[in-house]
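Below is one structure, written out as structure tokens; the observations come after it.
Numbering (the numbering used here), first residue to last: 88 to 388.
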């Protein structure tokens, strides 16, 4: 467990494209280790050229200073993030077909807050898209990124929290054994008041996978501070279990208050494994009920 930090990223440099990586190890099945070639992975910081990223994540709307209408999207069914090198632009496509294109020369909308430190934020009209490669316990992740797309249409603000990157190739997913991940979270909570609680400085998380059983488990221990009150407010703990999608790096599951919590809330999480042998993981999550909260969790073995 530890605090999550973020670093700015952009595509650049000489590298093999994601499409070539994914086509590098054809065939399937769980044959002997000796006959299975080791897949090649390119770090996010070394990617170049046109790229298309699948994602997992959550969606919610925001009105009257409160989040609502939560849903989750499994890996491959979330926002598609396509980078076009010639125009240095990103085109995002939501599950409902909504699109927005962001370029490096976009201007922020009126009254837009400044971007967080070490975060790349792009603008398209009233829309914003932010992306970061996170750092967990001082270690910068190599294959995992988190994104936030804020889309406004017909006066309704929609938010997509996504995790994406260089996914673990299906034939490279572990088929047995377990793994625990150093895990950190970022997020925001609302409980009655319109002032949001920042969950990052005081919250912790854990995450583990049982690859033989095809299951995952996680716990979120949430506490937040506001801009006017630096004293942490505890929101309790929430546990989750889920399943790894067969033939995919994706996983998803549900969250609920642990026994003894003073706050009753339930939710979902959806994410994926990234890099060689599921080295890294990331998921987006939400809670609704006695607490409205949402964010992302990132981890590394």
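All C-beta atoms in this analysis are idealised placements derived from N, C-alpha and C, irrespective of residue type, glycine included.
Keep in mind it's a predicted model, so treat the numbers as computed, not measured.
- Task: Determine the DSSP secondary structure at residue 364, reduced to helix, strand or coil.
- Result: Counted from its first residue, the chain shown places residue 364 at position 277. In this structure, residue 364 counts as helix in the three-state DSSP scheme.
- Endpoints, beta strand (DSSP E) assigned at residue 218: Here residue 218 refers to the residue found at position 131 when the chain shown is read from its first residue. Looking at the DSSP string, the run of the beta strand (DSSP E) that includes residue 218 is 214-223.
- Item | First through last residue of the beta strand (DSSP E) which encompasses residue 282 | As a working mapping, residue 282 is identified with position 195 in the chain shown. For residue 282, there is no enclosing beta strand (DSSP E), as DSSP gives it neither H nor E.
- Message: Can you tell me where the beta strand (DSSP E) holding residue 311 begins and where it ends?
- Response: Your numbering for residue 311 matches position 224 in the chain shown. Its beta strand (DSSP E) spans residues 302-311.
- Query: Does any CB atom of chain B fall closer than 8 Å to the CB of residue 238?
  - Reply: Absent here is chain B; the protein component of the structure consists of one chain.
- Item | Of the listed residues 136, 329, 292, nearest to residue 383 (C-alpha basis) | In the chain shown, counting from the first residue as 1, residue 383 sits at position 296. Minimum Cα distance to residue 383 is reached at 292.
- Item | Span of the beta strand (DSSP E) around residue 385 | What you label residue 385 is simply residue 298 of the chain shown in a count that begins at 1. If you look at residue 385, you'll find it in the beta strand (DSSP E) that goes 379-387.
- Query: Is it buried or exposed for residue 159, if we count other Cβ within 10 angstroms and need 16 for buried?
  - Reply: Counting from 1 along the chain shown, the entry for residue 159 is found at position 72. With 16 or more Cβ atoms within 10 Å of its Cβ, residue 159 is classed as buried.
- For residue 387 and residue 273, believed in contact at Cβ under 8 Å, the rounded distance: Against the chain shown, residue 273 aligns to sequence position 186. Against the chain shown, residue 387 aligns to sequence position 300. Rounded, the Cβ-Cβ distance is 15 Å, inconsistent with contact.
- Message: Within the continuous beta strand (DSSP E) that includes residue 156, where are the two ends?
- Response: Taking the chain shown and counting its residues from 1, the one referred to as residue 156 is at position 69. Where residue 156 is concerned, the enclosing beta strand (DSSP E) stretches over 153-160.
- Item | Inter-residue CB distance, residue 178 and residue 185 (contact presumed, cutoff 8 Å) | By 1-based counting over the chain shown, the position of residue 178 is 91. By 1-based counting over the chain shown, the position of residue 185 is 98. Their Cβ separation, rounded to whole angstroms, is 11 Å, which puts residue 178 and residue 185 out of contact at 8 Å.
- Message: With H, G and I counted as helix, E and B as strand and the rest as coil, what does DSSP make of residue 263?
- Response: The residue labelled residue 263 in the question sits at position 176 within the chain shown. Of the three classes helix, strand and coil, the one that applies to residue 263 here is coil, per DSSP.
- Item | residue 133, DSSP secondary structure in three states | If you number the chain shown from 1, residue 133 lands on position 46. Three-state result, residue 133: helix.
- Query: Going by Cα to Cα distance, which pick from 138, 147, 150 is closest to residue 175?
  - Reply: What you label residue 175 is simply residue 88 of the chain shown in a count that begins at 1. The residue with the shortest Cα to Cα distance from residue 175 is 138.
- Message: For residue 198 and residue 208, I'd like the C-alpha separation in whole angstroms.
- Response: Here the question's residue 198 lines up with position 111 in the chain shown. Here the question's residue 208 lines up with position 121 in the chain shown. If I take the Cα positions, the gap works out to 15 Å.
- Item | Neighbourhood of residue 191 by C-beta distance below 8 Å, restricted to the same chain and skipping five residues each side | The residue given as residue 191 occupies position 104 in the chain shown. Once the five neighbours on either side are set aside, the close Cβ partners of residue 191 are 175, 176, 209.
- Task: Kindly indicate which three-state DSSP category residue 346 falls into: helix, strand or coil?
- Result: For the purposes of this step, residue 346 is identified with residue 259 of the chain shown, where counting begins at 1. It is coil, neither helix nor strand.
- Task: Express the C-alpha separation of residue 351 and residue 216 in angstroms, rounding to a whole number.
- Result: For the purposes of this step, residue 216 is taken as the residue at position 129 of the chain shown. For the purposes of this step, residue 351 is taken as the residue at position 264 of the chain shown. Distance between the alpha carbons of residue 216 and residue 351: 32 Å.
- Query: Under three-state DSSP, which class holds residue 145?
  - Reply: Within the chain shown, numbered from 1, the residue matching residue 145 stands at position 58. Under the three-state reduction of DSSP output, residue 145 falls in the strand class.
- Message: Contact defined as beta carbons within less than 8 Å: I believe residue 335 pairs with residue 257. What is the distance between those atoms, to the nearest angstrom?
- Response: Against the chain shown, residue 335 aligns to sequence position 248. Against the chain shown, residue 257 aligns to sequence position 170. Confirmed, Cβ separation roughly 6 Å.
- Query: Are the beta-carbon atoms of residue 271 and residue 299 separated by less than 8 Å?
  - Reply: Translated into the one-based positions of the chain shown, residue 271 becomes position 184. Translated into the one-based positions of the chain shown, residue 299 becomes position 212. No, the pair does not count as a contact, with Cβ atoms beyond the cut-off.
- Task: May I ask you to report which of helix, strand or coil DSSP gives residue 257?
- Result: As a position in the chain shown, residue 257 is number 170, starting the count at 1. Secondary structure of residue 257 (DSSP, three-state): helix.
- Look at residue 296 and residue 144 and say whether their C-beta atoms are less than 8 Å apart. For the purposes of this step, residue 296 is identified with residue 209 of the chain shown, where counting begins at 1. For the purposes of this step, residue 144 is identified with residue 57 of the chain shown, where counting begins at 1. It is not a contact, given that the beta carbons lie outside the stated cut-off.
- Message: To the nearest angstrom, how far is the alpha carbon of residue 377 from that of residue 150?
- Response: Locating residue 377 in the chain shown gives position 290, where the first residue counts as 1. Locating residue 150 in the chain shown gives position 63, where the first residue counts as 1. When rounded, the distance between both Cα atoms is 17 Å.
- Message: Between which two residues does the beta strand (DSSP E) holding residue 331 run?
- Response: To locate residue 331, count along the chain shown from 1; it is residue 244. That run of the beta strand (DSSP E) goes 320-331.
- Using three-state DSSP, classify residue 111 as helix, strand or coil. Your numbering for residue 111 matches position 24 in the chain shown. Caution is warranted here: a pLDDT of 29 is assigned to residue 111, below 50, making its placement in the model unreliable, and the coordinate value is therefore given only provisionally. Under the three-state reduction of DSSP output, residue 111 falls in the coil class, being neither helix nor strand.
- Spatial neighbours of residue 369 within its chain, please: CB distance less than 6 Å, with the 5 preceding and 5 following residues excluded, ordered by chain position. Working through the chain shown from its first residue, we reach residue 369 at position 282. Counting only Cβ-Cβ distances below 6 Å, and skipping sequence neighbours, we find 231, 250, 358, 385.
- Message: Helix, strand or coil, according to DSSP, for residue 245 in the structure here?
- Response: Along the chain shown, read from residue 1 onward, the residue named residue 245 stands at position 158. Three-state DSSP puts residue 245 in a strand.
- Item | Inter-residue Cα distance where the pair is residue 220 and residue 347 | Here residue 220 refers to the residue found at position 133 when the chain shown is read from its first residue. Here residue 347 refers to the residue found at position 260 when the chain shown is read from its first residue. Approximately 35 Å, taken between the alpha carbons.
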